[in-house]
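To start, the structure itself, in structure tokens.
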Amino acid sequence: MSDQTELLKRITSDPNILGGKPIVRGRRLAVEHVLGMLAAGDQTSDIITAYPFIEPQDVQACVLYAYKLVAHERVEPFTAESAA
Numbered sequence: 016m017s018d019q020t021e022l023l024k025r026i027t028s029d030p031n032i033l034g035g036k037p038i039v040r041g042r043r044l045a046v047e048h049v050l051g052m053l054a055a056g057d058q059t060s061d062i063i064t065a066y067p068f069i070e071p072q073d074v075q076a077c078v079l080y081a082y083k084l085v086a087h088e089r090v091e092p093f094t095a096e097s098a099a
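Numbering of the sequence shown is given in my numbering, commencing with residue 16 and proceeding in unit increments.
If you want it as structure tokens, here you go:
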């Protein structure tokens, strides 16, 4: 089994937790939240400090999950006007 497959096992979904959003290892921490922290400039160590149950591989799994979602999507160019 590949390393990526093992990492993605850390991302789960439960309809009873956060409405079924992808979460980290069954905890009430959404992948979306971890990605938002990274996008805001937080480091993996910051996320681990904020959520002591998180392991570095969990953060890596969140990034891999996001990559897998967008890897084959057709993405329209983002412009400043579309953000307004």
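Ideal Cβ positions, reconstructed from N, Cα and C, are used throughout, including at glycine.
No experiment lies behind these values; they were computed from the predicted model shown.
What's the C-alpha gap between residue i and residue j?
| i | j | result |
| --- | --- | --- |
| residue 23 | residue 92 | 28 Å |
| residue 66 | residue 87 | 31 Å |
| residue 34 | residue 57 | 26 Å |
| residue 60 | residue 83 | 23 Å |
| residue 70 | residue 94 | 35 Å |
Looking at the structure shown, is residue i part of a helix, part of a strand, or coil, going by DSSP?
| i | result |
| --- | --- |
| residue 91 | coil |
Would a C-beta distance cut-off of 8 Å place residue i and residue j closer than the cut-off?
| i | j | result |
| --- | --- | --- |
| residue 43 | residue 25 | no |
| residue 62 | residue 49 | yes |
Please name the residue, chosen from the options, that lies closest to residue i on a Cα-to-Cα basis.
| i | options | result |
| --- | --- | --- |
| residue 17 | 60, 79, 36, 37 | 79 |
| residue 36 | 81, 70, 68 | 81 |
| residue 28 | 54, 77, 38, 68 | 38 |
Complete alpha helix (DSSP H) runs within the region 26-70 (minimum length 4 residues, chain order): 46-54, 59-65
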